[in-house]
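Report on the following structure.
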């Protein structure tokens, strides 16, 4: 087997699709010339440790799971310098959507076996990585109210069920946002900082956002009535929410956010830290296997891993 073909296949059996049979996926990878080592994990810290522990035995890392799982692997993958493959086995799979990776697992395996890679940015908040979006406020309360069993049973419908409960009790909070040394004080229901394009099951961070554009996109939801969100849903799906007077937007490479009291920060569906929060973009930090068709419309660089 030539150098470049050793694949570390990390699978989370607790992911929404984690109990699906992986044999057809492994066969597709092997048919593409990859020598695959399967390593199961159940806890996200264990995932990062496995990458660090086994990186000398691999030429590429394949992470199976949802967006939170993939983001939890990001720092270890960055440090390893290995390219990363994604098997979309979560609920929303927004990173796969951004990269045009198929949701069918055998087709996603085919993308990895084909060897085309794309350099993508990674966002961090207080040192914790995210690919899609990190947020404070409404979506964080939603993540806290959505238990794993509801996600596994209902999928995206589970988010809608949890959201209806959260909206009845959510209240605005005070925050300061600092960008390039300028600070502004806001009363907001949510502050979100996006690195990629898609989040929240298909919403768009900002109309022109890409995962290799070298910056972060922030929005602050400064509503007088949270139920007005129902009128704004279509604009969030298209990334045009900044056209509303109640939505403050900004674009930068770093942001600092402080709140009236420490508030949890949600990165790609996982609560990982709290405010005060420092957000930063790391341009072209990781090579990810992605279809060639996704490369033409972006500014990032692409390549092919030797088979």
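Numbering (our numbering), first residue to last: 6 to 312.
Don't be surprised by glycine CBs; every beta carbon is placed ideally from N, CA and C.
Determine the closest residue to residue 216 out of 100, 75, 43, with distance taken between C-alpha atoms. Distance check between residue 216 and each of 100, 75, 43 places 100 closest, using alpha-carbon atoms only.
With DSSP collapsed to three states, give me the class of residue 108. Coil.
Three or more C-beta pairs closer than 8 Å, one from the region 120-134 and one from the region 73-83: is that the case here? Because the criterion of three Cβ pairs below 8 Å is met, the region 120-134 and the region 73-83 touch.
Environment of residue 33 [buried if 16+ CB atoms lie within 10 Å]: Buried, since its Cβ has 16 or more Cβ neighbours within 10 Å.
So, are the CB atoms of residue 133 and residue 264 less than 7 Å apart? The answer is no: Cβ separation not under 7 Å.
Is the CB-CB distance between residue 91 and residue 75 below 7 Å? It is a contact, given that the beta carbons lie within the stated cut-off.
For a quick check, are the C-beta atoms of residue 193 and residue 144 less than 7 Å apart? Taking 7 Å as the Cβ cut-off, residue 193 and residue 144 do not qualify as a contacting pair.
Do you know offhand how far residue 231's Cα is from residue 195's? Roughly 10 Å between the two C-alpha positions.
Cβ pair residue 295, residue 123 closer than 7 Å: One thing to note: residue 295 has its Cβ within 7 Å of the Cβ of residue 123.
What three-state label does DSSP hand residue 17 in the structure shown? Coil, per DSSP.
Which whole runs of the beta strand (DSSP E) in the region 239-293 are 3 residues long or more, in chain order? The qualifying runs are 252-257, 259-264, 269-272, 275-279.
Using the C-alpha atoms, what's the distance from residue 248 back to residue 201? The alpha-carbon atoms of residue 201 and residue 248 are separated by roughly 20 Å.
Hey, could you find the ends of the alpha helix (DSSP H) residue 99 is sitting in? Counting along the chain, the alpha helix (DSSP H) containing residue 99 begins and ends at 99-103.
Assuming residue 198 contacts residue 138 (C-beta within less than 8 Å), just tell me the rounded distance between them. That pair is a contact at about 7 Å.
Check for me: the alpha helix (DSSP H) holding residue 72 runs from which residue to which? Here the alpha helix (DSSP H) through residue 72 covers 72-85.
With a threshold of 7 Å between beta-carbons, can residue 65 be considered close to chain D, or not? Judged by its chain identifiers, the structure shown contains no chain D, having just a single protein chain.
Under the three-state DSSP convention, the category residue 145 falls into: Helix.
Bridge partners for residue 127 per DSSP, in chain order? Residue 127 pairs with 287.
Take the Cβ of residue 188 as the centre, count every other Cβ of all protein chains shown within 10 Å, and call the residue buried at 16 or more, exposed below. With fewer than 16 other Cβ atoms within 10 Å, it is exposed.
Using the C-alpha atoms, what's the distance from residue 39 back to residue 10? One C-alpha to the other measures close to 5 Å.
Comparing the CB of residue 136 with every heavy atom of the ligand ADP, is any distance shorter than 6 Å? Among the components of this structure there are no ligands whatsoever, and the ligand ADP is therefore not found.
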